[in-house]
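Structure, as structure tokens:
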Amino acid sequence: MVLELKDVKIHYKTSKGMVKAVDGVSFDVAEKETIGLVGESGSGKSTLGYGIMKLLPRTAKVGGRILLDGENLADKNEKEMQRIRGAKIAMIFQDPMTSLNPVMKVRDHFVEMIKTHNPEMSEEDAQKLASKALEAVGIDPVRMNDYPFQFSGGMRQRVMIALGLVLNPKVVIADEPTTSLDVIVQAQILELLKSLKEKYNMSMILITHDLGVVAEMADKIAVMYAGHLVEFSESEKIYYEPKHPYTKALLESIPNTDINDLELKFIPGSPPDLVDPPKGCRFAPRCPMAKKICFEKEPPTVEVNGSKVKCWIYEGDNDGNG
Amino acid sequence: MAMVEVKDLKKYFPVRRTFIDAILGKPQLYVKAVDGVSFDIEEGEVLGLVGESGSGKTTTGRLVLRLIELTDGSVKIDGKDISKLDVEELRRFRRHIQLIFQDPMASLNPYMRIGDAVKHPLDIHNIGSPKDRKRMVLEMLERVNLTPPDEFYKRYPKELSGGQRQRVVIARALITKPKFVVADEAVAMLDVSIRSQLLKLLADLKKDFNLTMLFITHDLATTKYVCDRIAVMYLGKIVEIGSFEQIYRSPKHPYTKALISAVPEPDPKKKKEKFIPQGEVPNPINPPPGCRFHPRCPFAKDICKTKEPELKDVGDGQMVACHLY
Chain A
6 MVLELKDVKI
16 HYKTSKGMVK
26 AVDGVSFDVA
36 EKETIGLVGE
46 SGSGKSTLGY
56 GIMKLLPRTA
66 KVGGRILLDG
76 ENLADKNEKE
86 MQRIRGAKIA
96 MIFQDPMTSL
106 NPVMKVRDHF
116 VEMIKTHNPE
126 MSEEDAQKLA
136 SKALEAVGID
146 PVRMNDYPFQ
156 FSGGMRQRVM
166 IALGLVLNPK
176 VVIADEPTTS
186 LDVIVQAQIL
196 ELLKSLKEKY
206 NMSMILITHD
216 LGVVAEMADK
226 IAVMYAGHLV
236 EFSESEKIYY
246 EPKHPYTKAL
256 LESIPNTDIN
266 DLELKFIPGS
276 PPDLVDPPKG
286 CRFAPRCPMA
296 KKICFEKEPP
306 TVEVNGSKVK
316 CWIYEGDNDG
326 NG
Chain B
460 MAMVEVKDLK
470 KYFPVRRTFI
480 DAILGKPQLY
490 VKAVDGVSFD
500 IEEGEVLGLV
510 GESGSGKTTT
520 GRLVLRLIEL
530 TDGSVKIDGK
540 DISKLDVEEL
550 RRFRRHIQLI
560 FQDPMASLNP
570 YMRIGDAVKH
580 PLDIHNIGSP
590 KDRKRMVLEM
600 LERVNLTPPD
610 EFYKRYPKEL
620 SGGQRQRVVI
630 ARALITKPKF
640 VVADEAVAML
650 DVSIRSQLLK
660 LLADLKKDFN
670 LTMLFITHDL
680 ATTKYVCDRI
690 AVMYLGKIVE
700 IGSFEQIYRS
710 PKHPYTKALI
720 SAVPEPDPKK
730 KKEKFIPQGE
740 VPNPINPPPG
750 CRFHPRCPFA
760 KDICKTKEPE
770 LKDVGDGQMV
780 ACHLY
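The following block contains the structure:
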């Protein structure tokens, strides 16, 4: 396993109280594997991504273990993390306009990053490396001398991706890499990510709210709801045999282009407030299958036909309803 | 007569020219955001207007409500040419034409209670007595499922979730019983599970109020639950328009085909043959000659580079602007 998450907890101190944004999430990422991390706003998916990178504000408290090649990132200080970030684990951000420096040429973004990790490398070599990365994402290296605003949205996202890959990290965390893009450009970027993943032999965590996007990319899917990992399984299993009621409902509520499927299903209510989440299962108030125990006790994570599910339905011997 | 008749609508935004450019006699350039768009919407019909950023779909929506002035063409709503109305006439006519905004956080006044926000259009247009107004607002809040309505009446926007806020925006737009509504990316900011709730609500309201609506979206997949017909825009022009069945079952324009095939498919076994054009939408200041899509179109012929295709009927009212047909 390249990356192992063991009971990761990320809690924020706010004026309203502790926000349990991520509350005990465990899963593994194998070599060359892509995990789709799916959830709605407030599910904790991005917080988890930023938590792995340790890019969270100081008000956040990270618990549990985040093992990258056996090294626990949760114990590292900022100085050690700077050496790890970019080189071993990189992040592709959602909005390339706000995450690229507007007054820095594209070239300087690369040179700064490469030289931070390899201070002895000459500027010329760093540029060569940058050229190669840009070429790999389909950008003419000549454009290194341009500023971010001179690129279109899709091209900027390509620059972001090249920056993430230039040092050949083992794991890349892509946080909604296509959300701010138009559909056609989104499809282009997804194709690009797929081909790069093969070429660079990397593992990826793809964070998105769009189950359609992950289905095209991911080997396995992790579904998060209100800070909990509710289901984790292979992509096909998630789609054809969803186990958790939330996964089922989420799948049914995606608009598709199938004209014979005109019935629109939806999940009533909205996700809970994480300052004071429901006592038992956090999905129980919106769950059509909820029973008494779901409102009282947090469900355990059980294995059902190779899927990990955090749900009381699959615990046979409780209040006789399972 | 159709409820909404839009004919050869154009909007050219001037590109800012420096003083020096003007002295040097450089020509004034224009962004042709909307360049000759025509469509009708019948009473009780919802037309979906689909396109990517820069296609001119939002500008079109603003023009048909006269939130910005058109450069050329005409917009008739219920027989009235709204571009000919003077300020006072337009102000009075606004009760009949309403907009559902995209971002409910930005379009609701944070200091105004929900009830007052929904009541505001009634106050402005002086509809009903104060007592009637309150009753109308409570009914409308109930109708958009903000229940109990008297509870929601007193709340502030920040106390509501994103989906609830968008319900308020919808309630406010419909409270005057408008003849025509424009919904600009009305569900784009919402999460999947909430988005479907809102689409369902819009579909129900469409039936109850017999809504005539222009539903603007970048996401083709959201159109099918509310739209009767769909128009696809590319770089300021409509490239295809047809019933939603025609657009879904037999899209004709290569750009429409691309839009449909680009929608991510969650079913791993239904991996469709993808048709993804290269590149991105070009600069609308200087659009490609001929068919505007030709530089990205794999089927482009010589004629596409020189002659602009007209919208023509390819059967059963499906109109396509493409030299292939």
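The listed protein sequences derive, respectively, from chains A and B.
In the numbering used here, each residue carries its 1-based index in the first sequence increased by 5.
In the numbering used here, each residue carries its 1-based index in the second sequence increased by 459.
Even for Gly, the Cβ is constructed at its ideal location relative to N, Cα and C.
Report buried or exposed for residue i, applying the criterion of at least 16 other Cβ atoms within 10 angstroms of its Cβ.
i, result
"P293 (chain A)", "exposed"
"H782 (chain B)", "buried"
"V474 (chain B)", "exposed"
"S588 (chain B)", "exposed"
"A167 (chain A)", "buried"
"F478 (chain B)", "exposed"
"E401 (chain B)", "The structure shown does not extend to residue 401 (chain B), since chain B spans only 460 to 784, so no value can be given for it."
"D324 (chain A)", "The predicted model places D324 (chain A) with a pLDDT of 43, which falls under 50 and marks its position as unreliable, so this point remains unresolved."
"T103 (chain A)", "exposed"
"M599 (chain B)", "buried"
"G311 (chain A)", "exposed"
"E320 (chain A)", "exposed"
"M23 (chain A)", "exposed"
"Y570 (chain B)", "exposed"
"D467 (chain B)", "exposed"
"A721 (chain B)", "buried"
"N326 (chain A)", "With a pLDDT of 42 at N326 (chain A), under the threshold of 50, the modelled position of this residue cannot be trusted; read the value that follows with caution. With fewer than 16 other Cβ atoms within 10 Å, it is exposed."
"P62 (chain A)", "exposed"
"L581 (chain B)", "buried"
Which first and last residues belong to the beta strand (DSSP E) in which residue i is found?
i, result
"E268 (chain A)", "Neither: E268 (chain A) is in no beta strand (DSSP E) and is coded neither H nor E."
"K655 (chain B)", "Checking the sequence shown, residue 655 (chain B) turns out to be Ser, not Lys. Note, S655 (chain B): premise wrong, no beta strand (DSSP E); alpha helix (DSSP H) at 651 to 668."
"G41 (chain A)", "39 to 43"
"K535 (chain B)", "531 to 536"
"E767 (chain B)", "Where E767 (chain B) is concerned, there is no enclosing beta strand (DSSP E), given that its DSSP letter is neither H nor E."
"D29 (chain A)", "Residue 29 (chain A) is actually Gly in this sequence, not Asp. Segment 22 to 34, the beta strand (DSSP E) holding G29 (chain A)."
"A227 (chain A)", "225 to 230"
Taking the DSSP output, what are the residues bridged to residue i?
i, result
"G701 (chain B)", "B:I689"
"A179 (chain A)", "A:I97, A:L211"
"V490 (chain B)", "B:F472"
"D772 (chain B)", "B:M778"
"V646 (chain B)", "Answer is none; V646 (chain B) lacks a bridge partner."
"L508 (chain B)", "B:I675, B:A690"
"Y615 (chain B)", "None; Y615 (chain B) has no bridge partner."
"D540 (chain B)", "B:K535"
"E236 (chain A)", "A:V228, A:V314"
"Q557 (chain B)", "B:V640"
"D281 (chain A)", "D281 (chain A) is not bridged to any residue."
How many whole angstroms separate the CB atoms of residue i and residue j, which I take to be in contact at a CB cut-off of 8 Å?
i, j, result
"Q155 (chain A)", "I735 (chain B)", "Contact doesn't hold; Cβ gap of about 24 Å is too wide."
"F639 (chain B)", "M462 (chain B)", "6 Å"
"L42 (chain A)", "I212 (chain A)", "5 Å"
"S275 (chain A)", "I653 (chain B)", "6 Å"
"I264 (chain A)", "R688 (chain B)", "Contact flag wrong, Cβ pair sits at about 14 Å."
"K683 (chain B)", "L267 (chain A)", "7 Å"
"R631 (chain B)", "H579 (chain B)", "7 Å"
Can you pull the chain B neighbours of residue i, defined as C-beta to C-beta under 8 Å?
i, result
"Y244 (chain A)", "P725, D726, P727"
"S46 (chain A)", "G621, D650"
"L267 (chain A)", "K683, Y684"
"E85 (chain A)", "Residues of chain B passing the Cβ test: none, with the nearest at roughly 36 Å."
"E203 (chain A)", "Going along chain B, no residue has its Cβ under 8 Å from E203 (chain A), so there is no contact; the nearest lies around 17 Å."
"A179 (chain A)", "In chain order: nothing, as chain B lies at least about 15 Å away."
Mind checking which residues open and close the alpha helix (DSSP H) that includes residue i?
i, result
"R592 (chain B)", "589 to 602"
"K11 (chain A)", "Run containing K11 (chain A): none in the alpha helix (DSSP H); it sits in the beta strand (DSSP E), 8 to 19."
"T64 (chain A)", "Neither: T64 (chain A) is in no alpha helix (DSSP H) and is coded neither H nor E."
"I444 (chain B)", "With chain B covering only 460 through 784, there is no way to say anything about residue 444 (chain B)."
"H114 (chain A)", "111 to 122"
"F552 (chain B)", "546 to 552"
"A131 (chain A)", "128 to 141"
"Q625 (chain B)", "621 to 633"
"K204 (chain A)", "188 to 205"
"T518 (chain B)", "516 to 523"
What does residue i reach in chain A if we use C-beta pairs closer than 8 Å?
i, result
"Q656 (chain B)", "F271, I272, P273"
In chain A, what lies closer than 9 Å to residue i by C-beta?
i, result
"H712 (chain B)", "Per Cβ cutoff of 9 Å: no residues; H712 (chain B) is ~13 Å from chain A at best."
"V722 (chain B)", "V188, A192, G217, P260, N261, T262"
"E704 (chain B)", "I264"
"A642 (chain B)", "Under the 9 Å cutoff, chain A gives no residues; its nearest Cβ is about 15 Å from A642 (chain B)."
Quick one: list the residues of chain B neighbouring residue i, beta-carbon separation under 9 Å, in chain order.
i, result
"T103 (chain A)", "Per Cβ cutoff of 9 Å: no residues; T103 (chain A) is ~17 Å from chain B at best."
Starting from residue i, find everything on chain B with Cβ-Cβ shorter than 7 Å and list it in chain order.
i, result
"L256 (chain A)", "P725"
Residues of chain A with a CB under 7 Å from the CB of residue i: which are they?
i, result
"S512 (chain B)", "D187"
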